């Protein structure tokens, strides 16, 4: 493996093309399909003038087009910038300026606010346009780059609670290293069935990439809903579940929590905020150990 996300994705697309890579509220795509789709998107982005080092704004909940665009960007050395869907028009404008975005892909319901925030120089596309690109010709080798482990893949914005939001850089090495460390700590994570919660702008993008590097099947909700999350665990026999404290607290408070079978989960982690002892004990009573 080339120690890149694309290197891992290419490997899994060749070795197990029919294995489900992503399922977002029933919209699923296999590893083979995701690889081909990302290369087709790369070709379309290149045709729009996007190239190495350019920043692509992504505004929306979790969706297969969003992930495919972020992966397509990697083929041409462009950088994904997931932006908070709750931002006001003013905050969006500041994000576009600070991030130096050259194009923005937004969910249809957010398009009006995004258009009002974007300058005339920044085109705004419906994120769903990427579905129509699946049938496009893939990018040619001469137009793609060969990323290495230091190549940037994404910028993540800080919360802005202490100052104006800053941009945190992520490269291939950071994602692949974390994925391989996870596999060393718990070998059952590899090829696991993962339930993931975080939205793209708060880590959901690169976290999902970590589990795709390990050949996992990732189940993700467009927007978190605790009752449905519990149903997914039981129905899909989820084996891996990393999550922030707030998501697990909401699941524990669900009226369906007591009756849900959690026995399939082999690896669950929690963090991002203080983890109350009561929360740990609540899940332990269901036979599930939370690792903080």
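In my numbering, the protein residues as written are 3 to 294. Every residue, glycine too, gets a C-beta built ideally from N, C-alpha and C. Quantities reported herein were computed from a predicted structural model and do not represent experimental measurements.
* Asked: Should residue 131 go down as buried or exposed, given a rule of 16 or more other Cβ atoms within 10 Å for buried?
  -> Residue 131 comes out exposed.
* **Opposing strand residues paired with residue 302 [DSSP bridges]** => Limits of the chain in this structure are 3 at one end and 294 at the other, which puts residue 302 out of reach.
* Taking C-beta to C-beta, are residue 250 and residue 288 nearer than 7 angstroms? -> No, Cβ-Cβ distance for residue 250 and residue 288 is not below 7 angstroms.
* Asked: Do you know whose CA, among 57, 218, 206, 97, lies nearest residue 85's CA?
  -> Nearest of 57, 218, 206, 97 to residue 85, Cα basis: 97.
* To do: Measure the alpha-carbon distance for residue 195 versus residue 235 and round it to whole angstroms.
  => Computed Cα separation, rounded: 9 angstroms.
* Under 8 angstroms by Cβ, that's how I've got residue 222 and residue 7 pegged, so tell me the actual separation to the nearest angstrom. => That pair is no contact at about 17 angstroms.
* Which residues bound the beta strand (DSSP E) around residue 58? -> Per DSSP, the continuous beta strand (DSSP E) segment holding residue 58 begins and ends at 57 to 61.
* **Distance CB(residue 87)-CB(residue 29) smaller than 7 angstroms** => Pairing residue 87 with residue 29 gives a Cβ-Cβ distance that is not under 7 angstroms.
* Sheet register partners of residue 171 (DSSP bridge) -> According to DSSP, which records beta bridges pairwise, residue 171 is partnered with 157.
* Complete alpha helix (DSSP H) runs within the stretch 46 to 119 (minimum length 4 residues, chain order) -> Those alpha helix (DSSP H) runs which fall completely within the stretch 46 to 119 and span 4+ residues are 66 to 77, 91 to 101, 113 to 119.
* To do: Please go through the same chain and pick out, in chain order, the residues whose beta-carbon is closer than 7 angstroms to the beta-carbon of residue 52, but skip the five residues on each side of it.
  => Correct list, in chain order: 58, 78, 80, 104, 105.
* **C-alpha gap between residue 273 and residue 48, whole angstroms** => Between residue 273 and residue 48, the C-alpha separation is close to 38 angstroms.
* By Cβ distance below 8 angstroms, which residues in the same chain neighbour residue 291 in space, the five residues on each side in sequence not counted? -> Taken in chain order, the residues that qualify are 270, 285.
* **Rounded separation between residue 282 and residue 197 - CA only** => Distance between the alpha carbons of residue 282 and residue 197: 18 angstroms.
* Based on Cα-Cα distance, which residue from 199, 90, 166 lies nearest to residue 227? -> Among 199, 90, 166, the Cα nearest to that of residue 227 belongs to 199.
* To do: Take residue 126 as the anchor and find which of 117, 187, 275 has the nearest alpha-carbon.
  => Checking every option, the nearest Cα to that of residue 126 belongs to 117.
* So, helix, strand or coil for residue 242, using DSSP? -> Here residue 242 sits in strand by DSSP.
* Measure the alpha-carbon distance for residue 261 versus residue 237 and round it to whole angstroms. => Put simply, the backbone Cα of residue 261 is about 13 angstroms away from that of residue 237.
* Asked: Using CA coordinates, which residue listed in 193, 174, 152, 230 is at the minimum distance from residue 21?
  -> Scanning 193, 174, 152, 230 for the CA closest to the CA of residue 21 turns up 193.
* Asked: Taking just the CA atoms, how far does residue 69 sit from residue 133?
  -> C-alpha separation (whole angstroms): 11 angstroms.
* Asked: Under 7 angstroms between the Cβ atoms of residue 15 and residue 33?
  -> Against a cut-off of 7 angstroms, the Cβ pair of residue 33 and residue 15 comes out as a contact.
* **Residue from 76, 64, 54 with nearest C-alpha to residue 12** => The shortest C-alpha separation from residue 12 is found at 76.
* Tell me, please, whether the stretch 89 to 96 touches the stretch 143 to 151 by the rule of three or more beta-carbon pairs shorter than 8 angstroms. => No, they do not touch.
* Got a sec? Which residues, its chain only, sit under 8 angstroms from residue 267 by beta carbon, not counting five neighbours each side? -> 235, 240, 241, 242, 243, 290.
* Proximity winner among 9, 40, 17, 256, relative to residue 135 (alpha-carbon distances) -> The shortest C-alpha separation from residue 135 is found at 40.
* **Member of 17, 5, 9, 36 whose CA lies at the smallest distance from the CA of residue 220** => Taking only the C-alpha atoms, the option nearest residue 220 is 36.
* Own chain, CB closer than 7 angstroms to residue 215, minus 5 neighbours either side, in chain order -> Once the five neighbours on either side are set aside, the close Cβ partners of residue 215 are 7, 10, 177, 178, 181.
* To do: Look at the alpha carbon of residue 224 and the alpha carbon of residue 24, and state the distance between them as a whole number of angstroms.
  => Taking the Cα positions, residue 224 is about 12 angstroms away from residue 24.
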